[in-house]
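First comes the structure, then the notes that go with it.
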Amino acid sequence: MKTMKYIKLLKIFEVITPFIALIISQGVREVIGMAFLVFFFLSLTYLGILIYDVFKGKIDGNEFTINFVFYFVDIILMLLSTLVSAKIIF
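Mapped onto the working numbering, the consecutive letters of the sequence shown carry residue numbers 20 to 109.
Dropping the structure here:
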């Protein structure tokens, strides 16, 4: 891979998701709901940036595939970890 900026961007989104959810929400149940919502919008932003860079020619098909796999695995892990933490809290 030529660049790691997409992976760094994805990790930044992961780190700021709980903080944004805590700022927006009112209670424990709302924090979890907001975390899903915030992560959903941030992940759509990431996917939009990734697709935009493919069409602009900044990355090729192989890099897109690798970064999309990272994106997909990251979404699955984030959702599973949020569900597990919600089950532990309640």
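C-beta atoms are modelled at their ideal positions from N, C-alpha and C, and glycine is treated no differently.
Assigned secondary structure, residue 75 (DSSP; H/G/I helix, E/B strand, else coil): helix
As a quick exercise: from 76, 67, 59 and 64, pick the residue whose alpha carbon is nearest that of residue 95. 59
Using beta-carbon positions only, say whether residue 65 and residue 29 come within less than 8 Å of one another. yes
When 68, 61, 97 and 63 are compared against residue 24, the one with the closest alpha-carbon: 68
Assign residue 78 to one of two classes, buried (16 or more other C-beta atoms within 10 Å of its C-beta) or exposed (fewer than that). buried
Which residue wins for smallest C-alpha separation from residue 27, given the options 98, 103, 97 and 90? 90
Quick one: Cα of residue 93 to Cα of residue 35, how far? 15 Å
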